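Chemist:
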Amino acid sequence: MSYQLYRNTTLGNTLQESLDELIQYGQITPALAFKVLLQFDKSINNALNQRVKARVTFKAGKLNTYRFCDNVWTLMLNDVEFREVHEFVKVDKVKIVACDGKSGDFN
Amino acid sequence: MALCQTSVLKVYHAVIEDVINNVRDAFLDEGVDEQVLQEMKQIWRNKLLASKAVELNPEPGEPGHHPPPIVANNPKSSKAANAKAKKAAAAAAASQQSNGGGSTAGSINSSTDSNKLVSPSIAGKSGNAVAAAGSGMKNGIGAIKQEVTSQNPPPLHPTGGATMLQKQQAAAGGGGSTSSGQTPIPIVAQLDPNRIMPVNITLPSPPGSTNPESRVLTIQVPASALQENQLTQILTAHLISSIMSLPTTLASSVLQQHVNAALSNANHQKNLAIAKQLDGALDSSEEDESEESDDNIDNDDDDDLDKDDDDDAEHEDAAEEEPLNSEDDVTDEDSAEVFDTDNVIVCQYDKITRSRNKWKFYLKDGIMNMRGKDYVFQKSNGDAEW
Chain A
965 MSYQLYRNTT LGNTLQESLD ELIQYGQITP ALAFKVLLQF DKSINNALNQ RVKARVTFKA
1025 GKLNTYRFCD NVWTLMLNDV EFREVHEFVK VDKVKIVACD GKSGDFN
Chain B
3 MALCQTSVLK VYHAVIEDVI NNVRDAFLDE GVDEQVLQEM KQIWRNKLLA SKAVELNPEP
63 GEPGHHPPPI VANNPKSSKA ANAKAKKAAA AAAASQQSNG GGSTAGSINS STDSNKLVSP
123 SIAGKSGNAV AAAGSGMKNG IGAIKQEVTS QNPPPLHPTG GATMLQKQQA AAGGGGSTSS
183 GQTPIPIVAQ LDPNRIMPVN ITLPSPPGST NPESRVLTIQ VPASALQENQ LTQILTAHLI
243 SSIMSLPTTL ASSVLQQHVN AALSNANHQK NLAIAKQLDG ALDSSEEDES EESDDNIDND
303 DDDDLDKDDD DDAEHEDAAE EEPLNSEDDV TDEDSAEVFD TDNVIVCQYD KITRSRNKWK
363 FYLKDGIMNM RGKDYVFQKS NGDAEW
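Here you go:
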């Protein structure tokens, strides 16, 4: 069992749209689509854990809102500057949804 | 942010490959063909690229990144071929009209009422080529030509990107009137809806192929699909682009499966709609909405019930806008607004600490979508004040 929260990303959403189409065309069953999504959870958790090396720091002007519920943090940050070595991206507003990283290693 | 952006594409492709390879057994277990798996991969990749979140640094030589635009049929060669066929068709139309219009003439006649497949070669003798454009030509893919082998041109409903085809149709009409003095009538409309018609779809050569010849796929559809112009809705641009890289026979069968499934879905829905009508002629929503018509009906017990339902539905709608005791729920409404943003990070936390109003965040394994672009990180530390 891996975290399902990455389904709500570009890669996860495009997969779900693709599966929806195949179901609509009658090419696959919803049960098979469900299996694909479970495999996606495993694959994305693994890939992030093992293939990604980038480190980013960020500094937020303000922590606007925070919520901690069912071990999930939801944070709203304002005026955030993300920095990777010399480059940076600045946004007015960002939402962070974070699951517990310690129990996430079970995959 | 270069590293965490360039690695996005690699990570995503690795995930796609991993998912495809690991669900293959599940597909086999359910008896789903390998083609469908490959199709899923293609659709997924196309959607990912269409999202623009990862367009930076496409890897050179990677197939499927930019499916080559489907070249609208070469006007030179097809015009000549079409002109010939259309002349024959126009003549056939003329002779058929003199035969009394409704009946189909010639070699096809024998199979009109049986649901036999009309083989393209038989139909082609008296047939002509008519183009209908696929709808939804997005992603820079040009018009795709469908050649319908039948005696006369079916009605054309060209949609976007089909101007060239319209011209061809106009030319066909012109040719018909010069040779026979009559405009060919759209015979598809008169065909038995259950009759199976072969439809040719011309694709350009697959990406990377040295053979410049375009390929022709043939699929079988009932005439009703042509009459209702369903094909143009089924053959979407991304469907076409997803089969382009497949070998011809594979592409044909994938396309055929798609069309069959979509048509049976459409028919099923049609039947449902008809079934719904059976519960009473006065049950359509339009009539319920009109209060006057309700008042004019003497025996309107049923309608009163329906009206109550409608009223309830309206109340529910109103309730959604302003729920009961909504003033007590200020925080919920606020948070819905506060948590609404386009920049989202999905990740895991190692720890999140606070001392007074100073917060520190230790995050890992994150996917960020900021200003429409995706980034990934292994670790991300940050701080903020509340």
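So the protein lines, in turn, are chains A and B. Okay, so the first sequence: first residue is 965 according to our numbering, each after it adds one. Okay, so the second sequence: first residue is 3 according to our numbering, each after it adds one. Note that the Cβ used here is the ideal one computed from N, Cα and C, for glycine as well. It should be emphasised that the depicted structure is a prediction, and the values quoted were computed from it without experimental measurement.
1) If you draw a straight line from the alpha carbon of A:V1061 to that of A:F1032, how long is it in whole angstroms?
2) Name the chain A residues that come within less than 8 Å of B:E36, Cβ to Cβ?
3) Between the C-alpha atoms of B:S382 and B:I18, what's the straight-line distance to the nearest angstrom?
4) Using a C-beta cutoff of 7 Å, does B:S247 count as contacting chain A?
5) Would you call the segment 369-385 of chain B and the segment 1048-1060 of chain A in contact, with 3 or more CB pairs under 8 Å?
6) Does A:A997 come within less than 7 Å of chain B when only Cβ atoms are used?
7) So what does DSSP say about B:P71, is it helix, strand or coil?
8) Which residues in the same chain as B:V10 place their Cβ atom closer than 6 Å to its Cβ, once the five residues preceding and following it in sequence are excluded?
9) Between A:L1027 and the rest of its own chain, which residues show a CB-CB distance below 7 Å, the 5 nearest in sequence each way excluded?
10) Assign A:H1050 to buried or exposed, taking buried as 16 or more other Cβ atoms, counted over all protein chains shown, within 10 Å of its Cβ.
11) May I ask you to verify whether the segment 1004-1014 of chain A touches the segment 32-43 of chain B, counting CB pairs closer than 8 Å and requiring at least 3?
12) Does the Cβ-Cβ distance between B:Q222 and B:P200 come in under 7 Å?
13) Using the C-alpha atoms, what's the distance from B:N23 back to B:Q197?
14) Work out the CA separation of B:A239 and B:L205 for me, nearest whole Å.
15) Grab me the residues of B:K43's own chain with a C-beta within less than 8 Å of its C-beta, minus the 5 sequence neighbours each way, in chain order.
16) In terms of residue numbering, what span does the alpha helix (DSSP H) encompassing B:N383 cover?
17) Among B:G368, B:Q258, B:D194, whose alpha-carbon lies nearest the alpha-carbon of A:L975?
18) Between which residues of its own chain and B:V218 is the CB-CB distance below 6 Å, once the five residues before and five after are set aside?
19) Mind checking if B:L50 is an interface residue toward chain A, Cβ cutoff 7 Å exclusive?
20) Quick one: list the residues of chain B neighbouring A:Y984, beta-carbon separation under 8 Å, in chain order.
21) Excluding the 5 residues flanking A:T978 on each side, which residues of the same chain have their C-beta closer than 7 Å to its C-beta?
22) Roughly how many angstroms separate the alpha carbons of A:E1048 and B:E387, rounded to a whole number?
23) Which whole-angstrom value describes the C-beta separation of B:V348 and A:T973, a residue pair presumed to lie in contact below a C-beta threshold of 8 Å?
24) Tell me the rounded alpha-carbon separation between B:D342 and B:S226.
25) Buried or exposed: A:A995, going by 16 or more other Cβ atoms within 10 Å of its Cβ?
26) Judging by CA-CA distance, which residue of A:Y970, A:D1034, A:F1046 is the nearest neighbour of A:R1019?
27) Flag A:C1063 as yes if its beta-carbon sits less than 7 Å from any beta-carbon of chain B, otherwise no.
Modeler: Working from what's here:
1) Translated into positions along the first sequence, residue 1061 of chain A becomes position 97. Translated into positions along the first sequence, residue 1032 of chain A becomes position 68. Each residue's Cα considered, the two are about 10 Å apart.
2) By one-based count along the second sequence, residue 36 of chain B stands at place 34. Chain A residues near B:E36: none, gap ~12 Å exceeds 8 Å.
3) Walking along the second sequence from the start, residue 382 of chain B turns up at place 380. Walking along the second sequence from the start, residue 18 of chain B turns up at place 16. About 25 Å.
4) Start at 1 with the first residue of the second sequence, and residue 247 of chain B comes out as number 245. It does not; no Cβ of chain A falls within 7 Å.
5) yes
6) If you number the first sequence from 1, residue 997 of chain A lands on position 33. Not closer than 7 Å to any Cβ of chain B, the Cβ of A:A997 fails to qualify, so no.
7) For the purposes of this step, residue 71 of chain B is taken as residue 69 along the second sequence, with counting starting at 1. Residue placement at B:P71 cannot be trusted, given a pLDDT of 45 that sits under 50; what the coordinates show is reported in the next sentence. Coil.
8) Your numbering for residue 10 of chain B matches position 8 in the second sequence. The beta carbon of B:V10 lies closer than 6 Å to those of V56, D376, V378 in the same chain, with the five residues before and after it left out.
9) One-based indexing of the first sequence puts residue 1027 of chain A at position 63. Within the same chain, A:L1027 has close Cβ partners L1039, L1041.
10) Here residue 1050 of chain A is taken as the residue at index 86 of the first sequence, counted from 1. Looking at its Cβ environment, which holds fewer than 16 other Cβ atoms inside 10 Å, A:H1050 is exposed.
11) no
12) Within the second sequence, residue 222 of chain B is the residue found at index 220, counting from 1. Within the second sequence, residue 200 of chain B is the residue found at index 198, counting from 1. Yes, Cβ-Cβ distance for B:Q222 and B:P200 is below 7 Å.
13) Taking the second sequence and counting its residues from 1, one reaches residue 197 of chain B at position 195. Taking the second sequence and counting its residues from 1, one reaches residue 23 of chain B at position 21. Just to set this straight, residue 197 of chain B is Arg in the shown sequence, not Gln. Their Cα atoms are separated by approximately 41 Å.
14) Position 203 of the second sequence holds residue 205 of chain B. Position 237 of the second sequence holds residue 239 of chain B. Spanning the two alpha carbons is a distance of roughly 12 Å.
15) Here residue 43 of chain B refers to the residue found at position 41 when the second sequence is read from its first residue. Answer for B:K43: I18, I22, listed in chain order.
16) To locate residue 383 of chain B, count along the second sequence from 1; it is residue 381. Counting along the chain, B:N383 falls outside any alpha helix (DSSP H), though it belongs to the beta strand (DSSP E) covering 375-387.
17) For this step, residue 975 of chain A is matched to residue 11 along the first sequence. Ranking B:G368, B:Q258, B:D194 by Cα distance to A:L975 puts B:G368 first.
18) Counted from its first residue, the second sequence places residue 218 of chain B at position 216. Excluding residues within five positions, the ones whose Cβ falls inside 6 Å are N202, T204.
19) Taking the second sequence and counting its residues from 1, the one referred to as residue 50 of chain B is at position 48. Yes, its Cβ sits closer than 7 Å to a Cβ of chain A.
20) Walking along the first sequence from the start, residue 984 of chain A turns up at place 20. Correcting the residue type first, residue 984 of chain A is Asp in the shown sequence and not Tyr. The contacting residues do not exist; A:D984 stays about 10 Å from chain B at best.
21) Stepping through the first sequence from its first residue, residue 978 of chain A is reached at position 14. So no residue of the chain qualifies.
22) Residue mapping note: residue 1048 of chain A aligns to position 84 of the first sequence, counting from 1. Residue mapping note: residue 387 of chain B aligns to position 385 of the second sequence, counting from 1. Taking the straight line joining both Cα atoms gives about 21 Å.
23) By one-based count along the second sequence, residue 348 of chain B stands at place 346. By one-based count along the first sequence, residue 973 of chain A stands at place 9. The Cβ separation is near 6 Å, so the contact holds.
24) Within the second sequence, numbered from 1, the residue matching residue 342 of chain B stands at position 340. Within the second sequence, numbered from 1, the residue matching residue 226 of chain B stands at position 224. Distance between the alpha carbons of B:D342 and B:S226: 47 Å.
25) As a position in the first sequence, residue 995 of chain A is number 31, starting the count at 1. Taking all protein chains in view, the Cβ of A:A995 is surrounded by fewer than 16 other Cβ atoms within 10 Å, so the residue is classified as exposed.
26) Against the first sequence, residue 1019 of chain A aligns to sequence position 55. When each option's Cα is compared against that of A:R1019, the closest is A:F1046.
27) As a first step, residue 1063 of chain A is located in the first sequence; it is residue number 99 there, counting from the start. Yes - at least one Cβ of chain B is within 7 Å of the one on A:C1063.
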